[in-house]
Structures are given as structure tokens and as C-alpha cells.
Amino acid sequence: MKTADFRKSTVYQIYPKSFYDSNGDGLGDLRGIIGKLDYIKELGVDYIWMTPFFVSPQNDNGYDVEDYYNIDPRYGTMEDVEELIREADKRGIRLMFDMVFNHVSSHHIWFRKALEGDPYYKDFFFFRKGKENGEPPTNWESKFGGNAWKYVEKFDEYYLHLFDVSQPDLNWDNENVRKEVQKVVRFWMEKGVKGFRFDVVNLISKERFEDDHQGDGRRFYTDGPNIHKYLKELHEMTFGNDTEIVTVGEMSSTSIDNCYQYAGEDTKELSMVFSFHHLKVDFMGNEKWVLVPADFQKLKRILFEWQTKMAEHHAWNAVFWCNHDQPRVVSRFGNEGTYWKESAKMLATIIHMLRGTPYIYQGEEIGMTNAGFTDISQYRDVESLNHFRILQEKGLTESDAYRILQIHSRDNSRTPMQWDETKHAGFVAGGSEAEPWISVNPNYVSINAAQQLEDEDSIFHYYKQLIRIRKDLDVVAYGSIVPLAEEHPSIFAYERAYKDEHMLVVNNFYGKETQWKTDIDLTGYECILGNYDNHSAPENGEWNLKPYESMIWYKQ
Ligand code: TEU
Numbered sequence: 001m002k003t004a005d006f007r008k009s010t011v012y013q014i015y016p017k018s019f020y021d022s023n024g025d026g027l028g029d030l031r032g033i034i035g036k037l038d039y040i041k042e043l044g045v046d047y048i049w050m051t052p053f054f055v056s057p058q059n060d061n062g063y064d065v066e067d068y069y070n071i072d073p074r075y076g077t078m079e080d081v082e083e084l085i086r087e088a089d090k091r092g093i094r095l096m097f098d099m100v101f102n103h104v105s106s107h108h109i110w111f112r113k114a115l116e117g118d119p120y121y122k123d124f125f126f127f128r129k130g131k132e133n134g135e136p137p138t139n140w141e142s143k144f145g146g147n148a149w150k151y152v153e154k155f156d157e158y159y160l161h162l163f164d165v166s167q168p169d170l171n172w173d174n175e176n177v178r179k180e181v182q183k184v185v186r187f188w189m190e191k192g193v194k195g196f197r198f199d200v201v202n203l204i205s206k207e208r209f210e211d212d213h214q215g216d217g218r219r220f221y222t223d224g225p226n227i228h229k230y231l232k233e234l235h236e237m238t239f240g241n242d243t244e245i246v247t248v249g250e251m252s253s254t255s256i257d258n259c260y261q262y263a264g265e266d267t268k269e270l271s272m273v274f275s276f277h278h279l280k281v282d283f284m285g286n287e288k289w290v291l292v293p294a295d296f297q298k299l300k301r302i303l304f305e306w307q308t309k310m311a312e313h314h315a316w317n318a319v320f321w322c323n324h325d326q327p328r329v330v331s332r333f334g335n336e337g338t339y340w341k342e343s344a345k346m347l348a349t350i351i352h353m354l355r356g357t358p359y360i361y362q363g364e365e366i367g368m369t370n371a372g373f374t375d376i377s378q379y380r381d382v383e384s385l386n387h388f389r390i391l392q393e394k395g396l397t398e399s400d401a402y403r404i405l406q407i408h409s410r411d412n413s414r415t416p417m418q419w420d421e422t423k424h425a426g427f428v429a430g431g432s433e434a435e436p437w438i439s440v441n442p443n444y445v446s447i448n449a450a451q452q453l454e455d456e457d458s459i460f461h462y463y464k465q466l467i468r469i470r471k472d473l474d475v476v477a478y479g480s481i482v483p484l485a486e487e488h489p490s491i492f493a494y495e496r497a498y499k500d501e502h503m504l505v506v507n508n509f510y511g512k513e514t515q516w517k518t519d520i521d522l523t524g525y526e527c528i529l530g531n532y533d534n535h536s537a538p539e540n541g542e543w544n545l546k547p548y549e550s551m552i553w554y555k556q
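With full-length UniProt numbering, letter number 69 in the sequence shown gets 69, and the count goes up by one each step, no holes.
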């Protein structure tokens with residue numbers, strides 16, 4: 001059996017609802033993905049991670065699963081999934097499914113039985129009495145706003161929902177829950193799925209149900225007491241004996257010490273982890289519903305710390321800027337105007353040459369930008385809708401609440417994929433009058449895949465080269481990493497080394513020229529990729545970098 005070398009691989013994330021609508025109902029679907037496989041192959045990626053398309057009331061766009069074994073008819077059928085797996089395989093692409101096991105939808109049969117009072121299923125969840133004064137069992141906050149407990153009159157009890165009220169948390173301390181979860185994973189393995197992303201999987205072991213007087217409760221359930229035990233068990237009972245399978249855990253507010261274990265070479269838990277600390281540098285602590293300029297020094301410190309420490313501990317990172325929960329990176333840390341293309345390429349270089357498996361979120365490879373919605377009727381995301389209300393309840397004006405949403409809303413990255421310059425960016429199959437489920441970004445006329453496929457200098461082609469370099473040069477996949485210019489106000493640079501290979505990655509993170517003095521000897525190095533035709537080179541140890549300039553230097 002072939003061992004999957006995920007260190008040489010790149011993953012492409014698809015949000016099916018917004019990828020391609022093949023049947024013209026305004027919603028993306030599985031056949032839409034099949035239709036676009038050649039585009040994905042052209043990019044050169046190895047895996048497609050698909051966010052959930054299982055039966056779901058879609059309160060959280062599929063992260064509220066009603067039935068893990070069946071496909072939501074809005075997305076297609078089981079035959080479509082089987083065909084997708086086969087067609088992807090023909091093109092050397094493997095599928096990674098997104099398994100949401102911290103919670104289910106309140107429509108799931110387990111929860112419905114629990115609500116009927118069936119004790120076997122009640123213990124699949126966390127039902128607890130309120131406090132004596134009638135308040136919820138703890139003061140924990142739901143990630144989507146409000147208290148994390150919902151009162152059920154019939155039992156005079158509350159159930160825990162760390163996310164939406166329609167997403168009750170599963171009780172992993174109950175062995176029967178763990179067995180059900182294992183069954184689901186095995187079911188999809190048998191269908192030929194070669195990868196799994198486990199949603200907020202570090203939240204599954206709840207510690208104590210106590211009030212949190214210093215926070216929102218997350219310390220009582222993040223990286224909880226039995227987390228490693230549960231992951232090792234899942235590994236052993238499911239994917240652990242199939243070396244072809246790659247797994248990634250989404251780790252919410254995790255600590256690096258725990259990640260050494262989650263993603264250690266020999267720890268028998270997961271292949272790699274997503275951590276999010278570097279994507280909170282424009283938050284206030286954990287609070288995202290504020291406007292705070294991005295702290296570049298902090299961004300570097302965090303990314304470098306995770307790079308070097310995970311390497312020291314033989315553990316593996318997933319590396320990324322974007323996903324369906326994050327705003328578009330070119331809008332966030334780059335430039336939507338004059339330097340749109342240069343900044344998108346620079347940001348891509350930083351991530352793709354790091355030690356870790358890079359993830360590209362659909363549309364990132366063509367430099368798609370934030371949604372720019374100006375009216376609440378355009379928003380779809382449950383979190384954005386809740387916080388729009390909560391912000392105003394806290395006293396913010398409507399226009400201030402809009403400004404925050406325009407920066408931080410998850411809908412920023414959920415607008416339809418921009419395929420070409422025809423109506424609705426070519427997202428809805430030709431001939432249909434249907435409106436897309438969420439508005440297309442009007443800039444599709446200038447930002448679209450068709451145009452970038454034609455243009456050798458496009459962001460798309462640049463991503464393609466980065467993916468190629470990871471395959472061709474072992475230093476990218478296996479090399480050590482040394483941070484450089486750590487204190488520099490605008491340079492993001494690092495060195496990689498492996499056997500006789502050396503790589504120097506230099507980036508100007510900002511839109512102004514910048515100087516960098518360094519004694520690195522570039523004898524024998526060649527600039528193998530950059531985002532300007534005439535890239536800069538050091539003179540007497542001093543670099544003069546152009547706005548958002550990015551370069552990869554290599555010697556062997
Ligand atoms: O997200 C988990 C998570 O904690 C986030 O990144 C979340 O979007 C953020 O806290 C909101 O501020 C995962 C999924 O990626 C997300 O889409 C789901 O909504 C969530 O789990 C619940 O399943």
C-alpha cells in the first residue's frame with residue numbers, strides 16, 4: 001500500500017455550495033465539482049477537501065449534520081459522490097471529507113430521540129439542570145453569540161451547544177457515541193475517501209461544567225482531559241491501519257503543546273493540525289467583532305513559533321491563510337487596488353514555502369476579494385446575522401456594525417466562485433434564470449478563472465508554480481526552517497535547508513519599498529520565482545525591495 005506523503009502535497013478546499021451550480025438552482029452541487037475537476041487538476045493539487053454536503057437543515061451550511069450516511073439532495077446523490085471519487089482518482093486527486101463530530105444538527109435522529117426522553121440517546125448529549133436561580137448551568141458563551149445552553153421545558157434541563165442552538169454538542173465520554181463516530185468514518189473509508197478533516201475536534205472532551213469568571217468558558221472544553229485518548233482510539237479503530245489516509249484536525253484556540261501530540265510523527269493521532277492564532281492578529285484577544293489593525297510583528301512571531309517548535313517536536317502543521325470561515329487574504333493582509341496581483345502572490349509565497357501542508361481555499365488561487373456586502377439582506381451566515389444584532393444591542397450604530405461585518409464576516413469568502421465574465425460569474429449553469437444563493441462579487445468581470453488560465457502571469461499560474469516547486473524540491477517538504485529579519489517592520493523572510501539544498505524566501509509584506517540589510521551570502525543562489533519581472537537583488541548586503549515584492553532563491 002502506498003503511504004501518502006502529505007508533506008509534498010497541497011490541498012484545495014471546496015465549499016460546494018459556492019463552487020459550481022451544475023443544475024441551475026442557484027446552489028453549487030456535486031456534479032458541479034465533477035465538471036470542474038480538470039480545472040483543479042490543472043492547478044496541480046493532490047487533495048480536495050470538501051466541506052460537508054451530508055443531509056442537513058443547512059443552518060450552518062452543512063456543519064449541522066442530520067445524517068452522516070446520506071447526501072443532502074440539494075447537493076446531489078450517493079451516485080454523484082461515488083462518481084466524484086472515481087473521476088478525481090482518474091486525475092490523481094484524492095478526496096478529503098469534512099467530519100463534524102463535536103455536534104450534530106438538532107434534526108439528527110439521536111437528538112430527536114433524546115428530546116423524546118429516550119435515556120440511551122439523552123446521554124449522547126449534555127443535558128444539565130440549571131442553577132438554583134434558574135440560570136443556565138454555566139455562563140459559557142456560544143461561539144455564535146449568546147449563552148451556550150438552551151432550555152428544554154419538558155425536562156426542565158438545558159443542553160449544551162458550543163455553536164448554534166441547532167448544533168447540540170455530542171457527549172464523547174459516552175462510549176456509544178464514539179462507536180457511532182467510528183462507524184461513520186469506516187463507512188466513508190470503504191467508499192474510497194482518502195482523507196478526513198475533523199471539525200473543531202479538540203473541543204470534544206469537556207472538562208467541568210463550571211462558570212468561567214475570566215472568560216467565555218473555552219478553557220473548560222478546549223484540549224480537554226481525554227482528548228488525546230479519544231483521538232488515539234479513533235485512529236486505532238478507523239484510519240490508523242490505512243497508511244494512505246491523511247487526516248487534519250481543526251484545532252480551535254488550541255495550545256502548541258497539545259498540537260505536538262495531535263500531529264506528532266509517532267503519536268498515532270492525526271497527520272496534521274489547523275491552528276488559528278496567526279489569524280487573530282486583527283482581533284482583540286479572542287474577540288473578532290472589533291476593528292483592530294493587523295499586527296504584523298505578532299503575525300510573524302506566531303507563525304515562526306509554530307514553524308520552529310512543531311519542527312523540533314517532529315509534528316506537522318497545515319499552513320493556510322484562507323478557508324470558508326476567514327475573510328479573503330488579499331483583502332485582509334494584501335491590497336485590493338494597484339498591487340492586487342503582487343500582494344496575492346506575495347501572500348501565497350509566504351505560506352507555500354513554509355514547513356507544512358498548504359491549503360488553498362477556492363478562489364484564493366485567482367485572488368478573490370471580500371464580498372463587500374452593504375446590506376444585511378445580503379448576508380447568509382448564522383454567525384454574522386447573530387452578531388449584527390448583538391453588536392447593535394451593545395450600542396453600536398448600524399453603520400459601525402456593517403463596517404465590522406465587512407471586515408470579519410465569514411460570508412466574505414463564501415460568495416460564488418468567479419469562473420468567467422458571463423452572468424453570475426459563470427457560477428450558475430447556462431440558461432438558468434436562478435439567482436445564486438448568495439450574491440456574486442461584482443468584481444468578477446476583472447477577477448475570474450477563465451481570464452487567469454489564459455494569462456501566464458496570473459495569480460493562478462503563480463500558485464501552480466508554488467505547488468510544483470513543493471513537488472520538485474525536497475527542501476520545501478522536508479527542510480528545516482530558520483526565521484530571518486524577525487524584528488524588521490515589513491520583511492517576512494526565512495531560510496530552508498535540506499541535505500545540499502538551500503532556499504531563501506524573502507517577502508515585503510507592505511505596499512511601500514523597503515530596505516533590508518543582511519549578511520546572507522547569495523553566491524550560487526538563483527531566484528527561481530518572484531512576483532516582478534525585474535526582481536531585486538542585494539547590493540553590498542542591502543536589499544531594496546519593491547512594494548509587496550516576493551522572491552524564492554535557491555541553491556543546490
Ligand atoms: O469552525 C470552528 C470555529 O471555531 C471557527 O473557525 C468559527 O467559524 C469561528 O469561531 C467563528 O468566529 C468550524 C467550521 O469551520 C465552521 O464553518 C462551523 O461553523 C463550525 O466549526 C461549527 O461546526
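Glycine included, each C-beta is placed from N, C-alpha and C at the ideal position.
- In the three-state reduction of the DSSP assignment, C259 falls in the helix class.
- Residue burial annotation: V200 is buried, with at least 16 other C-beta atoms found within 10 angstroms of its C-beta.
- T514 is bridged by DSSP to L545.
- The three-state reading of DSSP puts D80 in helix, counting H, G and I together.
- Take A450, set aside five residues on each side of it, and the residues of its chain with a beta-carbon closer than 6 Å to its own are D420, in chain order.
- Going by DSSP, K129 is part of no beta strand (DSSP E) at all; its letter is neither H nor E.
- Rounded to whole angstroms, the gap between the alpha carbons of G217 and R208 is 10 Å.
- The three-state reading of DSSP puts W49 in strand, counting E and B together.
- Assigned with DSSP and collapsed to three states, Q465 falls in helix.
- In this structure, the C-beta of V200 approaches ligand 1 to less than 7 Å from one of its heavy atoms.
- One thing to note: A315 has its Cβ within 8 Å of the Cβ of Y260.
- When rounded, the separation of the alpha-carbon atoms in I467 and Y361 is 14 Å.
- By a beta-carbon distance limit of 8 Å, W149 contacts L160. Their separation comes to about 6 Å.
- Taking non-hydrogen atoms of ligand 1 into account, the C-beta of V45 is found less than 7 Å away from none of them.
- The straight-line gap separating the alpha-carbon atoms of V181 and S9 is approximately 27 Å.
- At a cut-off of 4 residues, the continuous stretches assigned as alpha helix (DSSP H) that sit fully inside the stretch 181-241 are 227-237.
- The beta carbon of H324 sits closer than 7 Å to at least one heavy atom of ligand 1.
- Between K268 and H235 a beta carbon distance of about 5 Å is seen, short of the 8 Å cut, so the two are scored as contacting.
- Judged by pairs of C-beta atoms under 8 Å, the stretch 138-146 does not touch the stretch 89-104, as fewer than three such pairs exist.
- Counting other Cβ atoms within 10 Å of its Cβ, Q392 stays below 16 and is therefore classed as exposed.
- In the DSSP assignment, K150 falls within the unbroken beta strand (DSSP E) covering W149 to V152.
- In terms of Cβ geometry, L95 and I34 do not form a close pair [threshold 8 Å].
- Of all C-beta pairs linking the stretch 501-509 to the stretch 543-555, three or more are shorter than 8 Å, placing the two stretches in contact.
- K229 is classed as exposed because its beta carbon has fewer than 16 other beta carbons within 10 Å across all chains shown.
- In this structure, E66 has its beta carbon at no less than 7 Å from each heavy atom of ligand 1.
- A contact is defined here as three or more CB-CB pairs under 8 Å, and the stretch 338-357 meets this definition with respect to the stretch 528-540.
- Look at A311 here: in three-state DSSP terms it is helix.
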